[in-house]
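Working notes, beginning with the structure itself.
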Amino acid sequence: MFGLGTIINTAAIIVGGIIGILFGKLIPKRVQDALIVSNGICVMFIGIAGAVSKMLVLNENGFDTQKSLLLTLSMALGTIVGSALDLERGVEKFGDWLKAKSKSNDDKGFTNAFIISSCTVCIGAMAIIGSLNDVLYGDISILLLKSIIDLITICVMTCALGKGAVFSAVSVLLFQGVISLIAFVIKPIMTDLALTDLGFVGSVLIFIVGLNLIRDKKISVVNMLPSILFAVGFSFIPALN
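Read in order, the letters of the sequence shown correspond to residues 72 to 312 in our numbering.
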């Protein structure tokens, strides 16, 4: 069961990717490299803004921090679980499968482009909250905004990284589709605080995605994905909030 917002989001990514494929060859390599760095910085600041807005609180003495322990525990336990399950390898295999099915075996950067772009458009509160609102309340406003952002992002990534970025549309369709399917099941436990903590940890992961775009040495974001599940669980422990 796919909500209207998810279908629009998937279509927007495909359109952005097609634009990138058509015009990417017209852009010099040095400009493509600059686009990767520029996009990485933008993604990092999106992640920083989302995390800081949840972590900093204003009181009479100035700013104070909160949720530090929740973040540390969520990231640590999530990384342990994700690494034990070797989620990144699973995603790589899926990317290799898509590479073979799309007859893109000559594209050495296909799988890397697929993984980076999939993490960029799937990780974050907008994907999850937007999908929940789409199915439960018929509100597609969040996913419409996400669609515009993703169209531009994937267009740039396709130009810079290759056509593997276009196939992040498959990831979005599957990821947000699964959320839509289980929306009615998780609705009772998805309190406002749970959504806040999910968005908080998700924003940190988004920052890491942006960091990967500007560094040669990559951090395994995929193996950290279970962190957002721990964040939701820890939201019900008052001492961690």
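Ideal Cβ positions, reconstructed from N, Cα and C, are used throughout, including at glycine.
Residue 110 places its beta carbon 8 Å or farther from that of residue 292. Here DSSP, grouped into helix, strand and coil, assigns residue 129 to strand. Inter-segment contact for the segment 130 to 144 and the segment 293 to 311 is present: three or more beta-carbon pairs are separated by less than 8 Å. Taking all protein chains shown into account, residue 272 has 16 or more neighbouring C-beta atoms within 10 Å of its C-beta and is therefore buried. Here residue 136 is exposed, its C-beta having fewer than 16 other C-beta atoms within 10 Å.
When beta bridges are read from the DSSP output, residue 136 appears opposite 127. Taking C-beta atoms under 8 Å as the contact rule, residue 224 and residue 191 qualify, at a distance of about 6 Å. A contact between stretches requires three or more CB pairs, one per stretch, nearer than 8 Å, and the segment 75 to 85 meets this requirement with the segment 241 to 253. In this structure, residue 95 keeps its C-beta atom at 8 Å or more from the C-beta atom of residue 182. Within the segment 231 to 285, complete alpha helix (DSSP H) segments of at least 4 residues are found at 239 to 257 and 263 to 285, given in chain order.
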